[in-house]
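*Asks:* Quick one: this structure, given as structure tokens, is what I'll be asking you about.
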Amino acid sequence: MKDFLKPDIPANRQELPRYYRLNGAIYLACWDFISRRDSWYGPGTYAYIMPRERSVDIDGEIDLMVAQLIVTS
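Going by my numbering, the sequence shown runs without a break in its numbering and finishes at 369.
The structure is reproduced here in structure tokens:
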């Protein structure tokens with residue numbers, strides 16, 4: 297893989313800037329808003345920063361096992 301490791305990107309994740317992404321956990325909107333905009337997002341849209349332990353991305357069996365462990369702990 298060419299240019300897989302870029303020298304200008306810090307090697308330690310602790311040196312990287314904080315990063316947020318959509319996780320699909322919570323979407324609240326009135327049907328009227330969605331039907332007018334054909335989207336969940338608008339000028340009044342804002343983020344809810346969810347604690348890491350409340351946002352487990354389940355993509356496979358191991359992820360599911362981790363989520364189950366968190367729920368039962």
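Glycine included, C-beta positions come from ideal geometry on N, C-alpha and C.
On a predicted model such as this, the values are computed, not experimentally measured, just so you know.
When you compare the CB positions of TRP336 and ALA343, do they come within less than 7 angstroms of one another, or not?
*Replies:* The answer is no: Cβ separation not under 7 angstroms.
*Asks:* So MET346 packs on ASN319, CB below 8 angstroms; how close in whole Å?
*Replies:* Right, their Cβ atoms sit about 7 angstroms apart.
*Asks:* Using the Cα positions of TRP327 and MET297, report the straight-line distance between them to the nearest angstrom.
*Replies:* Going from the Cα of TRP327 to the Cα of MET297 covers about 46 angstroms.
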